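Student:
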Amino acid sequence: MSPAPLLSAFRQSLGEAWAGGAGALLPLGFLGGAAVLVPLGIGSDTDTLKAVGPGILWVALALSSLVTLERIFQADAEDGTLDLWLQAGAPVSAIAAAKTLAHWLSAGLPLALFSPLLALMFQAEARPVLLINAGLYALGSLAFFFWGAVGAALSATVRRGGLLISLIALPLYVPTAIFGALAMSGGPGSAGAPLLLGASTLFACAIAPFAMSAALRLAAD
Amino acid sequence: MWSYFANPHKFLRLSDWLAPAFYTAGTLCILWGLWQGLWVVPKDEYQGGDIMRVMFVHVPAAWLAMASYSALAVASFVWFIWRHELADIAAKSIAPLGAVWTALCLATGSIWGKPTWGTWWQWDDARMMSVLFLFFLFLGYMALRAAMDTRQKAARAGAILAMVGALNVPLIKFSVDLFTSLHQDASVITMEGPKMAAVYLWPLMISAIGHSLLFGGLVMTRMRTEIRDRRIARLRAAALEGG
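Chains A and B supply the protein sequences, listed in that same order.
Every number in my numbering is 4 more than the matching position in the first sequence, counting from 1.
Every number in my numbering is 15 more than the matching position in the second sequence, counting from 1.
(1) For the ligand SAH, any of its heavy atoms closer than 6 Å to the Cβ of glycine 63 of chain B?
(2) Is it right to say tryptophan 97 of chain B is buried, meaning 16 or more other beta carbons lie within 10 angstroms of its own, or is it exposed?
(3) Please classify glutamate 256 of chain B as buried or exposed, where buried requires at least 16 other C-beta atoms within 10 Å of its C-beta.
(4) Could you please tell me which residues of the segment 167-200 of chain A, in chain order, have their CB closer than 7 Å to any CB of chain B?
(5) Please classify alanine 13 of chain A: does DSSP put it in a helix, a strand, or coil?
(6) Go through its chain and collect everything with a Cβ distance to arginine 267 of chain B's Cβ below 6 Å, but skip five positions before and after it.
(7) So for histidine 198 of chain B, helix, strand or coil by DSSP?
(8) Identify the contact partners of leucine 158 of chain A in chain B, using a Cβ-Cβ distance below 7 Å as the criterion.
(9) If you draw a straight line from the alpha carbon of alanine 218 of chain A to that of isoleucine 175 of chain B, how long is it in whole angstroms?
(10) Could you list which residues in chain B have their beta carbon closer than 7 Å to that of serine 204 of chain A, in chain order?
(11) Within 7 Å of any Cβ in chain A, is that where the Cβ of glycine 155 of chain B sits?
(12) Could you give the distance in angstroms between the alpha-carbon of aspartate 244 of chain B and the alpha-carbon of glycine 231 of chain B?
(13) How long is the line joining the alpha carbons of tryptophan 135 of chain B and threonine 123 of chain B, rounded to whole angstroms?
(14) In the DSSP assignment, the alpha helix (DSSP H) including asparagine 183 of chain B goes from what residue to what residue?
(15) Could you tell me the distance, in whole angstroms, from the CA atom of isoleucine 60 of chain A to the CA atom of leucine 186 of chain A?
(16) DSSP has aspartate 80 of chain A in a bridge; who is on the other side?
(17) Is phenylalanine 92 of chain B close to chain A? Criterion is C-beta to C-beta, closer than 7 Å.
(18) Is the segment 153-166 of chain B in contact with the segment 149-164 of chain A, if contact means three or more CB pairs nearer than 8 Å?
(19) Exposed or buried, which one is valine 40 of chain A when buried takes at least 16 other CB atoms within 10 Å?
(20) Taking CB distances under 7 Å as the criterion, tell me whether alanine 162 of chain B reaches chain A.
(21) At least one CB of chain B closer than 7 Å to the CB of valine 162 of chain A: is that the case?
(22) Taking contact to mean 3 or more Cβ pairs, one atom from each stretch, closer than 8 Å, check whether the segment 140-159 of chain A and the segment 170-180 of chain A are in contact.
(23) Using a threshold of 7 Å, state whether the C-beta atoms of alanine 226 of chain A and alanine 13 of chain A are closer than that.
(24) Mark tryptophan 222 of chain B as exposed unless 16 or more other C-beta atoms lie within 10 angstroms of its C-beta, in which case mark it buried.
(25) Per DSSP, which residues does glycine 64 of chain B bridge with? Please list them.
(26) Suppose the cutoff is 7 Å on Cβ atoms and the five residues either side in sequence are ignored; what does the same chain contact list for glycine 48 of chain B look like?
(27) Using DSSP with H/G/I as helix, E/B as strand and the rest coil, what is phenylalanine 150 of chain B?
(28) CB-CB under 6 Å to alanine 34 of chain B, same chain, minus the five flanking residues each way: which ones, in chain order?
(29) Compute the Euclidean distance between the alpha carbons of proline 198 of chain A and alanine 224 of chain A, then round it to the nearest angstrom.
(30) Buried or exposed for histidine 4 of chain A, going by 16 or more other Cβ atoms inside 10 Å?
(31) Please classify isoleucine 227 of chain A as buried or exposed, where buried requires at least 16 other C-beta atoms within 10 Å of its C-beta.
(32) For tyrosine 177 of chain A, is the classification buried or exposed, using 16 other Cβ atoms within 10 angstroms of its Cβ as the cut-off for buried?
(33) Suppose only complete runs of 4+ residues qualify. What are the alpha helix (DSSP H) ranges in the segment 41-113 of chain B, listed by chain order?
(34) At which residue ranges does the segment 181-205 of chain A contain complete beta strand (DSSP E) runs of 3 or more residues, listed in the order of the chain?
(35) Report back the beta-carbon spacing between alanine 3 of chain A and alanine 138 of chain A to the nearest angstrom; my notes put them in contact at under 8 Å.
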């Protein structure tokens, strides 16, 4: 099995994500918009913002995955690409994983890398830990994207699938959100939390491709 | 064994008398449990006085919330591997009922929590969170099935989601357990046997059995309806082709 369909799917996905003209700026704009609304909604008190800042970023990452994943497999199901993969005997689970990875690279990773700047806006002190947190955001958001992509694959043939993805994916986002928030809390139990975060992300990467493959075969019928 | 139960005719014959039997026995058990719980057993001041009597609905509902999701996952798995239509019919029938008992568990828990802990809802509490996410899993399952345009697609998508959800349940449970808790520890099933006083234990067990029987009866009735629904759809399609 040559890696050609895999690479082309990955490249095509990345291309689609950048094709909007704004590239990675678009998700960053989304993050900025979501984050700026929070102080307007809950007030500008320094201590409050410091407390909610890390959590707001997790929520923004989860939302970003839900918003960008809605169309990830719909076009493939509509224009016959999916049928071609299946006819060619391409490994659908690997292709789905590659597409998810490409979406994460364009809509998840930039947000994680941008997070120290937003953390400063939420009154966090400028310390190296912000960079470690950026790594944790990157790790956790990968799990968001994989579970979200399962929801997207299941609703690939559903109109207005976006709302459905949110409902399906929400319970699956729980462990990542909890471990991630715990790792950044600095409280008791936070030392082992990054490992748990990594474990739950690996779990998502291991299980989700097979669920996506089963769901995409269904979408092709 | 699966093949024996997979036959809809045998199921219809079996459930013809089993469902009413479940309803009767379940109703009697629930009524006895309620009578014991509301009038006979002494109140426990430590658990909030008279309000602890809600336990005889709350605990069976919590048990059914978990049991029904397990049943949904098993039925989905059986359908996905062996494609026995009856397993899909069972999964479809279990989901809304499971959601109702899960909601009942959340509602009675809140009612119990307000006077005892002074709050309707406690975000720190691992078990409340777990049950809430179980509720969302049920909602997602039903929404996904409803969004599919054919019966077969609904069955396949639902089965995939139920299995993915079942794989995630232990992880969700573990992650929410990391939070500290106001909730008392498990007191019915522990390593040393039940810690609860026998005066409460019996009505509680009978109540749980009653709720389970009622649940089983309702699932069977829903399955019978679904089987007939599908039969009508087939007959209609045949009549259209013939005419």
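Glycine is no exception: its CB is placed at the ideal position from the N, C-alpha and C atoms.
Keep in mind that this is a model prediction, so the values were computed, not measured.
Tutor: Looking at the atomic coordinates:
(1) This structure lacks the ligand SAH; in fact it carries no ligand of any kind.
(2) Classified as exposed, tryptophan 97 of chain B has fewer than 16 neighbouring CB atoms from the shown chains inside 10 Å of its CB.
(3) Glutamate 256 of chain B is classed as exposed because its beta carbon has fewer than 16 other beta carbons within 10 Å across all chains shown.
(4) Within the segment 167-200 of chain A, the qualifying residues are Leu168, Leu171, Ile172, Leu174, Pro175, Leu176, Val178, Pro179, Ile182, Phe183, Leu186 and Gly193.
(5) Note: alanine 13 of chain A maps to helix in three-state DSSP.
(6) This structure cannot settle anything about residue 267 of chain B, because the visible part of chain B is limited to 16 through 258.
(7) Reliability fails at histidine 198 of chain B, whose pLDDT of 43 lies under 50, so the model's placement of it is uncertain and no value is given.
(8) For the C-beta of leucine 158 of chain A, the chain B residues within less than 7 Å are, from N- to C-terminus, Leu159, Ala172, Ile175 and Leu176.
(9) Whole-angstrom Cα-Cα distance: 7 Å.
(10) In chain order: Leu186.
(11) Closer than 7 Å to some Cβ of chain A, the Cβ of glycine 155 of chain B qualifies, so yes.
(12) Rounded to whole angstroms, aspartate 244 of chain B to glycine 231 of chain B spans 20 Å at the Cα level.
(13) Taking the straight line from one Cα to the other gives about 10 Å.
(14) Start and end: 166-192.
(15) The straight-line gap separating the alpha-carbon atoms of isoleucine 60 of chain A and leucine 186 of chain A is approximately 14 Å.
(16) Aspartate 80 of chain A is not bridged to any residue.
(17) With 7 Å as the cut-off, phenylalanine 92 of chain B does not count as an interface residue toward chain A.
(18) Judged by Cβ distances under 8 Å, the segment 153-166 of chain B makes contact with the segment 149-164 of chain A, as three or more pairs qualify.
(19) Residue burial annotation: valine 40 of chain A is exposed, with fewer than 16 other C-beta atoms found within 10 angstroms of its C-beta.
(20) Yes, because at least one Cβ of chain A sits closer than 7 Å to the Cβ of alanine 162 of chain B.
(21) Yes, valine 162 of chain A counts as interfacial toward chain B.
(22) As far as the Cβ criterion goes, the segment 140-159 of chain A touches the segment 170-180 of chain A, which means the pair count is three or higher.
(23) In the structure displayed, chain A extends from 5 to 225; residue 226 of chain A sits before or after that span and is not available.
(24) The sequence shown places serine at residue 222 of chain B, rather than the tryptophan named in the question. Serine 222 of chain B should be labelled buried.
(25) Beta-bridge pairing links glycine 64 of chain B to B:Asp59.
(26) Here the set comprises Phe71, Pro218, Ile221, Ser222 and Gly225.
(27) Helix at phenylalanine 150 of chain B.
(28) Here the set comprises Gly232, Met235 and Thr236.
(29) Proline 198 of chain A and alanine 224 of chain A have their alpha carbons spaced roughly 38 Å apart.
(30) What is shown of chain A runs 5 to 225, which leaves residue 4 of chain A out entirely.
(31) The structure shown has nothing for residue 227 of chain A, since chain A only spans 5 to 225.
(32) Buried: at least 16 other Cβ atoms inside 10 Å.
(33) The segment 41-113 of chain B contains these whole alpha helix (DSSP H) runs: 70-97.
(34) Entirely contained in the segment 181-205 of chain A, not one beta strand (DSSP E) run reaches 3 residues.
(35) Examination of residue 3 of chain A is not possible in this model, given that chain A is present from 5 through 225 alone.
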